[in-house]
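Heads up, the sequence shown is in our numbering, so the first residue is 1 and it goes up one at a time. Glycine included, C-beta positions come from ideal geometry on N, C-alpha and C. Bear in mind the structure is a predicted one, so any value in this text is a computation, not a measurement.
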Amino acid sequence: MSLIVQKYGGTSVGSPERIRNVARRIAKFREKGHDIVVVVSAMSGETNRLIALAREIQQQPDPRELDVMVSTGEQVTIALLSMALKEIGIKAKSYTGAQVRVLTDSAFTKARIVSIDEGKMRADLDSGHVVVVAGFQGVDNDGNITTLGRGGSDTTGVALAAALKADECQIYTDVDGVYTTDPRIEPRARKLKSVTFEEMLEMASLGSKVLQIRSVEFAGKYKVKLRVLSSFEEEGEGTLITFEEEGQMEQPIISGIAFNRDEAKITVRGVPDKPGIAYQILGPVADANIEVDMIIQNIGEGGATDFSFTVHKNDFEKALSILKGIQPHLEAKDVMGDQSIAKVSVVGVGMRSHVGVASQMFRTLAEEGINIQMISTSEIKISVVIDEKYLELAVRVLHKAFQLESQV
Ligand code: ADP
Ligand code: ASP
Ligand code: MG
């Protein structure tokens, strides 16, 4: 008998029928004698609906009140799933994040989990209950409701599994595992039997939304056995996230391709090429709490240089107005913004021991006439910024060039 934490995403609990299906799946695990803690997301589309509703009142909704509001989505699904379980004779109890005491810091809309009190859950499990917990939400030390950032139910699932020392954390979603790239963009994407934590971390941070990055960090830190599976299929092993040493002896060079449409580029043109200029440009951006991702500075000509960087689209207007404000002080010729960019990345631990991945990536894009605007690399990934309109083409040709396609 094992203790399993199962997390079901929005599509998996998107209708009463689907909630009944989830209840039936849980019943099967109970029949096998497993103890089950379930984490659920809001019904698909609900979190977006709530955010849009808030924006009708306040263009930039107050973060504390927004969390009070968006956390209601998950409160609905925990109750519905518990009812569905009771309907088929399974003892179940629902809890909000505050009730199980998922204690977080007070960073509304992007709170971090500090601790989880597993006492109540243990008592319920001992008395034969399935425990159903609202994902994505917590409570701070002052009793304020907080949320963990979009996709945060994954993190609740993994954090509960870590706190309870569960045997496995299963993330049920609308695909049957982690693929070489998003199967919605490349139908020939191949399902991975396993992927290393390191690669999954890169893929999540570079835009693969199948797992929230914080959940992968948590699983790595607390050694949680993590698996991604489909809630729509009866059987299937899904994808296991492994520590490298457990993985295959011979790693493929590239494991996957990630992409991200959420960034925008800002270019400061014709600034004096002198020490301190990067700091003068990025200092005020950092002071406004805006995270910068990729950065490029051209070789100066005639004493002047161009400096470009990317930020999340949510921060674009703010960053642009900060730089326009200091343009005279920077002695810059121009400050320009571009929101129609995309980032494409190839990821693989095998890159460590193989050369030529970058050149193959650049050649493949060049053959399609796709211009590379920015490049960044780490030991196990290469990312490029391109025009957004070439994103899908870039993903497909790279997927083919690195022979990631399924053989069937
Ligand atoms: P949930 O609501 O269950 O949390 P998400 O929409 O957050 O589901 O995540 C699942 C989606 O992630 C898939 O439908 C798929 O389109 C997308 N996705 C992106 N990259 C990948 C990938 N490499 N492998 C599998 N799915 C991916
Ligand atoms: N409901 C939240 C969201 O849509 C959390 C989650 O689904 O993981 O982002
Ligand atoms: Mg998700």
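By Cβ distance below 7 Å, which residues in the same chain neighbour residue i in space, the five residues on each side in sequence not counted?
i    : result
M121 : V37, V100, V131 and L164
Q297 : A278, T305 and F307
K86  : A92
A401 : Q360 and T364
Y390 : I370
I322 : P284, V285 and A288
Q339 : A264, K313 and F316
D124 : K93 and V131
When the cut-off is 8 Å and only beta carbons count, does residue i lie next to chain B?
i    : result
A258 : Checking the listed chains, one finds no chain B in this structure; it contains a single protein chain.
Which of the three DSSP states is assigned to residue i in this structure?
i    : result
N21  : helix
H312 : strand
R269 : strand
S340 : coil
R261 : coil
A134 : strand
A304 : strand
T47  : helix
E217 : helix
S345 : strand
S2   : coil
E367 : helix
G350 : helix
V408 : Here the model assigns V408 a pLDDT of 48, short of 50, so the residue's position is not dependable and the matter cannot be decided.
R55  : helix
T181 : coil
K324 : helix
K191 : strand
I410 : A query on residue 410 cannot be resolved here, the shown segment of the chain reaching from 1 to 408 and no further.
K7   : strand
S15  : coil
V355 : coil
V68  : helix
V76  : helix
Can you tell me where the alpha helix (DSSP H) holding residue i begins and where it ends?
i    : result
D126 : G119 to D126
D62  : D62 -> no alpha helix (DSSP H), and no H or E assigned at all.
Q280 : I277 to D287
V158 : S153 to L164
What residues in its chain sit with their C-beta under 6 Å from that of residue i, if we drop five residues either side in the sequence?
i    : result
S383 : K343, S345 and S376
V408 : Confidence in V408 is poor, its pLDDT being 48 and thus under 50, which makes the residue's placement too unreliable to answer from.
G300 : D273
S41  : G9, G10, G135 and S153
A358 : I382
Which residues in the same chain as residue i place their Cβ atom closer than 8 Å to its Cβ, once the five residues preceding and following it in sequence are excluded?
i    : result
N144 : R64, D67, S106 and F108
H129 : K91, A92 and K93
G14  : M43, S44 and G45
E202 : A258, S345, V347, S378, I380 and K381
G236 : D176, G177, L229 and S230
L320 : I266, V335 and G337
R24  : I88
R112 : T104, D105, L148 and R214
What are the start and end residues of the beta strand (DSSP E) that includes residue i?
i    : result
M294 : V292 to Q297
E202 : Where E202 is concerned, there is no enclosing beta strand (DSSP E), although the alpha helix (DSSP H) it sits in stretches over F197 to S205.
M374 : M374 to S378
V395 : It is not in any beta strand (DSSP E) - V395 instead sits in the alpha helix (DSSP H) that spans L391 to A401.
I171 : E168 to T173
D383 : Looking at the sequence shown, residue 383 is not Asp but Ser. It spans K381 to D387 - the beta strand (DSSP E) in which S383 sits, taken as one unbroken run.
L229 : L226 to S230
L240 : T239 to T242
V39  : D35 to V40
Less than 8 Å between the C-beta atoms of residue i and residue j, yes or no?
i    : j    : result
I171 : V228 : yes
I116 : L160 : yes
I290 : K318 : yes
I341 : I386 : yes
T180 : L404 : yes
S255 : E199 : yes
T156 : S71  : no
S12  : R20  : no
C169 : L226 : yes
V271 : V292 : no
A264 : F316 : yes
F218 : D174 : no
T242 : T196 : yes
Unbroken stretches of the beta strand (DSSP E), 3 residues or longer, contained in the stretch 79-120: 92-95, 102-104 and 113-116
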